[in-house]
Amino acid sequence: MPLECEFFALRGVALLTETIEKVQERLNPELELDGILATMYDSRTVHSREVLARVVEAFDDHVYHTVIGRTVRFPETTVAGEPITTYASNSVGAAAYRQLAREVLARCHAE
Numbered sequence: 001m002p003l004e005c006e007f008f009a010l011r012g013v014a015l016l017t018e019t020i021e022k023v024q025e026r027l028n029p030e031l032e033l034d035g036i037l038a039t040m041y042d043s044r045t046v047h048s049r050e051v052l053a054r055v056v057e058a059f060d061d062h063v064y065h066t067v068i069g070r071t072v073r074f075p076e077t078t079v080a081g082e083p084i085t086t087y088a089s090n091s092v093g094a095a096a097y098r099q100l101a102r103e104v105l106a107r108c109h110a111e
């Protein structure tokens, strides 16, 4: 689940977690959250750092180690209609998504 590093998004994750628990109780006990991906992270701001710290504190191992930083390349890729890995394959954003893919695969193989 992607999480924009903003406090309102943090509240949304709490609500979504409650919804997942209700679905587990009523419909699908095997439903699980694979992970939380911090996105639009800006290490220069206290706000982003605090949100990420709270997410890690609350969800611990469910938070991916890969963090997707804020970059001007992402809006450009939307306009171009291409994924960042092809539009700007050498960018920091593309590297972050490749790292995320490796992390997701590693988690799948660890289970």
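Each residue of the sequence shown is one higher than the one before, counting from 1 in full-length UniProt numbering. Beta carbons: idealized from backbone N, C-alpha and C, even for Gly. Please read these numbers as outputs of a predicted model, since none were measured by experiment.
When DSSP states are grouped into helix, strand and coil, residue 72 belongs to the coil group.
Rounded to whole angstroms, the separation of the alpha carbons of residue 26 and residue 19 is 11 Å.
Residue 88 sits in coil when the DSSP states are folded into three classes, being neither helix nor strand. Taking 8 Å as the upper bound for CB-CB distance, residue 5 and residue 51 are in contact here, some 4 Å apart. The region 83–93 makes no contact with the region 102–111, as fewer than three CB pairs between them are under 8 Å.
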